[in-house]
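First residue of the sequence shown: 3, per the numbering used here; consecutive thereafter. Please read the structure below before turning to the comments.
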Amino acid sequence: MTSPSAPSPEQVPVYSPERLSEGGGRMSFRQGLERLSAQGELKASLLLVALTHFAARGYEGVQVKEVAEEAGVSKPTLYYHFGSKEGLFRQLCLVTLSVTERRVQAMVAPLLDHPADSPETVRAACERLASEYMELLLEVPEFTGFILRSIAVPAPDSGFRDLMPLAERALSPIGLFLHRMFGFPLDAARREVMLFTGIMAQLLEEKLRRPDFVVGEAELHWAVGRWLRGLQG
């Protein structure tokens, strides 16, 4: 799977995965923002409040003034740090994608040493990947689903189309997994990676539609089975 070019300065997240996970242990981007906000980081506080608003109302439904007031600052202060509402949402996307890239790398790395000598061992590896990836998506399901829709299927006039290469880079370690398990050439794995993430996104969307819906072993078993049939087809 080919690697996109390096991000421009406008595509650099205000908080790196290392900064968000200071203190050790695996940490979601929300937990990292909460920790930094508690330490007095104003940008983290603004992003944390914005996270709640965007997740609940969507991009068009968010008023910058409300985000600023809830964070205890003025609207000009928010603009000073992020430039605009688009800049604020863009930074949420960038922080999320940077954490996603690091987490996907971590979940794929041990699977590259997983045996691939039978259909059973391959399926076990696929189910482990699906389980850990869904765990990542479900940490902030409303916002994760919103990001996926905003980046992967943007409106023609969207200001976020340029983030798609970053999303692909975040998911590119899955291409290494496919190469290891199925022998797919790295430069031809994009379709299969998108197939995987699309199927997992269907489970996420079902969770968003039905809060009582549980993504358990049966659901993941279905998702992996569908993915494997697509790969074999």
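Ideal Cβ positions, reconstructed from N, Cα and C, are used throughout, including at glycine.
Sequence-distant residues of its chain with Cβ nearer than 8 Å to residue i (five each side left out)
| i | result |
| --- | --- |
| residue 96 | 13, 14, 15, 16, 165 and 168 |
| residue 68 | 55 |
| residue 228 | 201 |
| residue 76 | 70 |
| residue 18 | 100 |
Residues of its chain near residue i, where Cβ-Cβ distance is below 6 Å and the 5 sequence neighbours each way are ignored
| i | result |
| --- | --- |
| residue 195 | 173, 176 and 177 |
| residue 109 | 134 |
| residue 90 | 52 and 84 |
| residue 181 | 188 |
| residue 116 | 127 |
| residue 144 | 57 |
Proximity below 8 Å, CB of residue i to CB of residue j
| i | j | result |
| --- | --- | --- |
| residue 123 | residue 206 | no |
| residue 209 | residue 140 | yes |
| residue 48 | residue 32 | no |
| residue 222 | residue 136 | yes |
| residue 148 | residue 60 | yes |
Straight-line Cα distance separating residue j from residue i
| i | j | result |
| --- | --- | --- |
| residue 37 | residue 120 | 44 Å |
| residue 130 | residue 101 | 19 Å |
| residue 156 | residue 82 | Low confidence applies here, because residue 156 scores a pLDDT of 49, under 50, leaving its location unreliable and the question unanswered by this model. |
| residue 4 | residue 104 | Because the pLDDT at residue 4 is just 42, under 50, the model does not fix this residue reliably, and the point stays unresolved. |
| residue 64 | residue 150 | 18 Å |
| residue 66 | residue 187 | 45 Å |
| residue 39 | residue 106 | 25 Å |
| residue 142 | residue 57 | 9 Å |
| residue 51 | residue 171 | 27 Å |
| residue 158 | residue 152 | Reliability fails at residue 158, whose pLDDT of 47 lies under 50, so the model's placement of it is uncertain and no value is given. |
| residue 218 | residue 41 | 36 Å |
| residue 43 | residue 20 | 15 Å |
| residue 2 | residue 46 | Examination of residue 2 is not possible in this model, given that the chain is present from 3 through 235 alone. |
| residue 238 | residue 125 | The structure shown does not extend to residue 238, since the chain is modelled only from 3 through 235, so no value can be given for it. |
| residue 204 | residue 192 | 18 Å |
N- and C-terminal bounds of the alpha helix (DSSP H) containing residue i
| i | result |
| --- | --- |
| residue 52 | 44 to 59 |
| residue 133 | 121 to 139 |
| residue 217 | Careful: residue 217 lies outside any alpha helix (DSSP H) and carries neither H nor E. |
| residue 100 | 87 to 110 |
| residue 39 | 31 to 40 |
| residue 200 | 192 to 211 |
| residue 177 | 175 to 184 |
| residue 73 | 66 to 73 |
| residue 162 | From DSSP, residue 162 is part of no alpha helix (DSSP H); its letter is neither H nor E. |
| residue 80 | 77 to 84 |
Same chain, Cβ closer than 7 Å to residue i, neighbours up to 5 away in sequence not counted
| i | result |
| --- | --- |
| residue 198 | 176 and 229 |
| residue 7 | Bear in mind that the predicted position of residue 7 carries a pLDDT of just 49, short of 50, making it too unreliable to give a figure here. |
| residue 113 | 127, 130, 131 and 179 |
| residue 23 | 29 and 34 |
| residue 72 | 51 |
| residue 94 | 49, 52, 53 and 56 |
| residue 98 | 31 and 149 |
Cβ separation of residue i and residue j, assumed to be a contact under 8 Å, to the nearest whole Å
| i | j | result |
| --- | --- | --- |
| residue 92 | residue 162 | 7 Å |
| residue 118 | residue 183 | 5 Å |
Residue-level contact to chain B via CB, residue i, 8 Å cutoff
| i | result |
| --- | --- |
| residue 13 | The question asks about chain B, but that chain is absent: this structure has only one protein chain. |
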